[in-house]
Amino acid sequence: MVRSNPEELVRKTMARFVDDEIIPNAQETDEKGEFPVEMLREIAKMGIFGIRYPKNKGGAGGNTTLYCIICEELARGLVSVAAITAMQCLMSTNFLFRFGTDEMRETYFLPAMRGEKFGCFCLTEPEAGSDLGAVSTLAKKTPDGYLLNGMKTWVTNGPVADFYTVLCQTDPAKKFKGLNFFFVPRNTPGLSVSKPFNTLGTRTTMMSEIAFTDVHIPDAYRLGKEGQGLNNLLSILEEIRSMTAALAIGLQRAAMDDAIRYARERVAFGKAISKYQLIQAKVANMAVNLEASKLMTYKATKMIDNGVPCMTEASMAKYFATEAACQAADECTRIMGAYGYSMEYTAQRYYRDSRFLLNGGGTHEILQTNIARWVGL
Ligand SMILES: Cc1cc2nc3c(=O)[nH]c(=O)nc-3n(C[C@H](O)[C@H](O)[C@H](O)COP(=O)(O)OP(=O)(O)OC[C@H]3O[C@@H](n4cnc5c(N)ncnc54)[C@H](O)[C@@H]3O)c2cc1C
């Protein structure tokens, strides 16, 4: 019997789904700018939200490589749907899965795996972005739990989420050692959600501020041991960076495919523009960057799957693949000439959506600074 390789199988299944269900609707979905419930329901039916979790705990028994293949393929269709999916599979549910009580898993984690509930991940604050040591949302200990006060911002899925994983400070004097994650269900008194932000790209990915005013939660809602918030975040950072790189690969592929198709069809000075060396150079650069992005990203995911530390590799992959995605989207708009400037063509969406990738998992200035240090500077 010929056994199919799980990576090929997942890629083929996802590619078919993206070609049939996402790409034909991507433009309209993006224009509407609404949370894409129908697409997400279909994605949930395929068991994708549980791809990183074990089968006997409600997941699909996959690994980081499969997770990133899924993210890549979805991003080839529509980055915002891929981003929502990526968030649901990893940051929104990971600490709930690891540290939540059985009841929390029944009420939130398993429904999230079925796409019935959505979560999100709240780190950033108006005065604390790259510098998480400045997080000031306070979780003050009470006899039976914690009292939360503060504000989070730029929360992907914030407006539509049913539950929030929130990074708080329990003791400002301890700085990083006072950071802890907390689970907060949406209906908790004192939690309020702003209206969705009006953003440049990923128009169906809703983002907002979340305010906490005397939000009281029980002890069981602290996710992980006291003072382990930063370590817990670091435990998934390689995966977050690899996933962002995978999203960037999907976007590169979409931009390159459309640029090639257009270049073959568009005639200027009596021949297809694909015959001009300057156009060929752009496409060649896209192809080389794409190949390098894949090698770097899937090297990192294999290391994660084999339990080998890879913060440097994952950071390099995120940095390189995202810069390449921004470049590919830019070149795609140039190859399409005036049509690259039209809202009716895809190039503008790739161009806008590429900016989404720049901040998640660390800005490129932070990544460059870290990489330079890790290689010995
Ligand atoms: C589309 C999108 C989705 C997001 N989703 C989420 C989410 O779901 N949850 C969440 O918590 N946050 C989210 N964020 C926020 C994101 O994590 C932050 O934007 C990011 O951490 C950077 O923080 P900042 O925007 O406050 O920039 P800042 O940290 O204020 O940085 C501003 C500029 O200064 C540079 N800079 C900062 N420090 C240094 C330094 N030491 N050396 C050199 N340059 C430096 C940065 O690279 C950047 O260019 C999202 C943001 C975007 C745009």
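If you read the sequence shown in the working numbering, its first letter stands for residue 1347, the second for the next number, and so on. Heads up, the beta-carbon is just placed ideally off N, CA and C, and yes, glycines get one too. In this text, all values refer to a predicted model and were calculated from it rather than measured experimentally.
Check: residue i C-beta below 7 Å from any heavy atom of ligand 1
i: Leu-1469; result: yes
i: Phe-1702; result: yes
i: Gly-1706; result: yes
i: Ile-1712; result: yes
i: Gly-1575; result: no
i: Cys-1417; result: no
i: Asp-1477; result: yes
i: Thr-1548; result: yes
i: Trp-1720; result: no
i: Thr-1359; result: no
i: Cys-1435; result: no
i: Met-1553; result: yes
i: Thr-1709; result: yes
i: Val-1364; result: no
i: Thr-1715; result: yes
i: Thr-1502; result: yes
Residue i - containing beta strand (DSSP E), residue span
i: Cys-1560; result: Note on residue identity: the sequence assigns Asp, not Cys, to residue 1560. Counting along the chain, the beta strand (DSSP E) containing Asp-1560 begins and ends at 1553-1564.
i: Val-1539; result: 1537-1539
Residue range of the unbroken alpha helix (DSSP H) whose run includes residue i
i: Gln-1694; result: 1693-1700
i: Tyr-1413; result: 1410-1423
i: Cys-1678; result: 1657-1681
i: Gln-1598; result: 1575-1611
i: Asn-1440; result: 1440-1445
i: Tyr-1399; result: Note, Tyr-1399: premise wrong, no alpha helix (DSSP H); not H, not E.
i: Pro-1352; result: 1352-1363
i: Asp-1490; result: Unbroken run through Asp-1490: none, as it is neither H nor E.
i: Met-1437; result: Taken as a continuous stretch (DSSP letters only), Met-1437 belongs to no alpha helix (DSSP H), as it is neither H nor E.
i: Arg-1387; result: 1383-1391
i: Arg-1719; result: 1710-1720
i: Asn-1371; result: 1369-1378
i: Met-1459; result: 1456-1459
Alpha-carbon to alpha-carbon, residue j and residue i
i: Arg-1612; j: Pro-1535; result: 58 Å
i: Gln-1714; j: Gly-1479; result: 19 Å
i: Leu-1513; j: Glu-1473; result: 14 Å
i: Thr-1709; j: Glu-1585; result: 16 Å
i: Met-1552; j: Lys-1521; result: 30 Å
i: Lys-1358; j: Leu-1420; result: 12 Å
i: Ala-1684; j: Ala-1675; result: 15 Å
i: Gln-1694; j: Glu-1380; result: 18 Å
i: Lys-1628; j: Tyr-1608; result: 13 Å
i: Phe-1509; j: Asp-1560; result: 17 Å
i: Met-1729; j: Val-1530; result: The structure shown does not extend to residue 1729, since the chain is modelled only from 1347 through 1723, so no value can be given for it.
i: Ala-1429; j: Cys-1468; result: 15 Å
i: Arg-1719; j: Glu-1452; result: 43 Å
i: Cys-1417; j: Met-1360; result: 9 Å
i: Gly-1423; j: Cys-1414; result: 14 Å
i: Phe-1558; j: Pro-1382; result: 27 Å
i: Gly-1686; j: Thr-1692; result: 8 Å
i: Phe-1455; j: Pro-1352; result: 25 Å
i: Asn-1544; j: Val-1506; result: 15 Å
i: Arg-1599; j: Gly-1446; result: 38 Å
i: Arg-1680; j: Ser-1688; result: 12 Å
i: Gly-1465; j: Lys-1621; result: 49 Å
i: Thr-1375; j: Ile-1556; result: 25 Å
Bridge partners - residue i, DSSP secondary structure assignment
i: Asn-1495; result: Leu-1484
i: Thr-1511; result: Phe-1467, Phe-1529
i: Val-1501; result: Ser-1554
i: Leu-1624; result: According to DSSP, which records beta bridges pairwise, Leu-1624 is partnered with nothing at all.
i: Leu-1569; result: Phe-1527
i: Ala-1614; result: Lys-1617
i: Ala-1324; result: Nothing in the structure corresponds to residue 1324, since the chain is present only between 1347 and 1723.
Check: residue i C-beta below 7 Å from any heavy atom of ligand 2
i: Cys-1466; result: Inclusion of ligand 2 in the displayed structure is not the case, the ligand content consisting of ligand 1 alone.
Point to revise | the segment 1452-1471 / the segment 1623-1635 touching (three or more Cβ pairs under 8 Å) | key: The segment 1452-1471 vs the segment 1623-1635: no contact.
Cβ contact check for the segment 1373-1391 and the segment 1426-1437: 3 or more pairs under 8 Å:
Touching, yes.
### Task
Mind the definition here: the segment 1395-1406 touches the segment 1562-1569 only if three or more C-beta pairs lie below 8 Å; say whether that holds.
Using a C-beta cut-off of 8 Å, the segment 1395-1406 makes no contact with the segment 1562-1569, since fewer than three inter-stretch Cβ pairs fall below that distance.
Using 8 Å as the threshold, is the segment 1586-1598 in touch with the segment 1669-1679, meaning 3 or more CB pairs across them? Note that the segment 1586-1598 touches the segment 1669-1679; at least 3 beta-carbon pairs, one per stretch, sit closer than 8 Å.
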